[in-house]
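Some notes on the structure that comes next.
Residue numbers (our numbering), protein chains in the order written: chain A, 124 to 304; chain B, 140 to 369.
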């Protein structure tokens, strides 16, 4: 297998109409796009549709994408818009739950170092507290810590000023600290 | 990173996200559909030419134009207009944005190259801006062609509707009281408050629908339109 082409090269080729290059970009970002859409849309079917439509719209808007700008938050902003439209129409939100396997205490595989930081009880309590956050705060926390976006990426994805993301994040962490400590 | 933040990262790795779908083939199929769409335009254009001839005949026009789609716009002739009032041209289109933000929000890459204003408006599938042309404000909106139902025009009986020679197919609406309703997109229940609309030129070009609205006459509007899609 050859070395993967760097992203700016793929974007450049995609801008010139190379659908195979764009397919590589879809492959690289479809996981994070789907998770972002799922957290906003509230269910897997809408998230899949939102991610797919987002990729198609991003392709059509690619000519306007600024060379050298980060591709991921630009793409996620389009996907998030698609997801938001779907969620608004049905007024629901994703209920986050733990994987069944993580609730078991035995198994062949050793737990990850991060997972071993948390007891099953702490995990459940913390997750319940996250699920009870107001929607705007929960989305920021979920994108920041569960999807792994930076604060700047969260701001661009949600079309919010960075200051708003910081304040929502701070308020949410304050609430969560009450459950965690 | 605080202990709580590390705990949240750890929690994120234990969450039960649905399996991630492989979107590559479906996205590729959709983005490669365009050339086939263009080939399909040839018979569609023939149909539109025939329709254009029919529209030039007043009796046929009144029958045909009770309900009509042009690109992403629906025109419906009704007996009684729903309530609506005069509002600014950009009413309901959201806050003014930079071009970059408007394109990201709408998912539509702006075709308009000149004149190039600084402020833009966006809804999913729609990007708009306000121009000054011949001393009058004109709302320029571009709509993605597969977003049927984004905008709906309800025309009263006094509104004149004519074929306009621009793009693949164009229509000119002038006079009387006619109403504009922006809808946010398919499956989107949110509807922006209807408003009374000015003179309007609508035309399609490829998979894009263009819409100009303002106080210009047909000749002036066509003049501006040809600068946009030249």
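For each residue, glycine too, the CB sits at the ideal point set by N, CA and C.
As the structure is a prediction and not an experimental result, all values here were calculated from the model.
- Scanning its chain for C-beta atoms nearer than 6 Å, with the 5 sequence neighbours on each side dropped, one finds around residue 295(A) the residues 256, 260 and 264, in chain order.
- Bounds of the alpha helix (DSSP H) holding residue 358(B) are 357 to 367.
- Straight-line measurement puts the Cα of residue 256(B) at about 37 Å from the Cα of residue 154(A).
- Within the segment 241 to 273 of chain B, complete beta strand (DSSP E) segments of at least 3 residues are found at 259 to 262 and 265 to 272, given in chain order.
- Per DSSP, the unbroken alpha helix (DSSP H) holding residue 147(A) starts and ends at 142 to 164.
- When the five nearest sequence neighbours on each side are left out, the beta carbons in the same chain lying within less than 8 Å of the beta carbon of residue 249(A) are those of 241, 299, 302 and 303, in order along the chain.
- One Cα belongs to residue 285(A), the other to residue 143(A), and the distance between them is close to 34 Å.
- For a Cβ distance threshold of 8 Å, residue set 240, 243 and 244 of chain B lies close to residue 282(A), ordered along the chain.
- Spatial neighbours of residue 283(B) in its own chain (CB-CB distance under 6 Å, excluding positions within 5 residues in sequence) are listed in chain order as 247 and 264.
- Look at residue 305(B) here: in three-state DSSP terms it is coil, with no helix or strand label.
- Within the same chain, Cβ atoms closer than 6 Å to the Cβ of residue 363(B) are found at 272, the five residues on either side in sequence being excluded.
- Excluding residues up to 5 positions away in sequence, 302 lie with their Cβ nearer than 8 Å to the Cβ of residue 251(A) in the same chain.
- When Cβ pairs closer than 8 Å are counted between the two stretches, the segment 149 to 156 of chain B is seen not to touch the segment 272 to 286 of chain A, the count staying below three.
- With contacts defined by Cβ atoms closer than 9 Å, residue 305(B) and residue 228(B) do not form a contacting pair.
- In this structure, residue 220(A) sits away from residue 174(A), with a CB-CB distance that is not shorter than 9 Å.
- Residue 222(A) sits exposed, since fewer than 16 C-beta atoms from the chains shown fall within 10 Å of its C-beta.
- The beta-bridge partner set that DSSP reports for residue 353(B) consists of 277(B) and 338(B).
- With 16 or more other Cβ atoms from the protein chains shown falling within 10 Å of its own Cβ, residue 245(B) counts as buried.
- Using a Cβ-Cβ cut-off of 9 Å, residue 146(B) counts as an interface residue toward chain A, since at least one Cβ of chain A sits closer than that to its own.
- In this structure, the alpha-carbon of residue 293(A) lies about 28 Å from that of residue 241(B).
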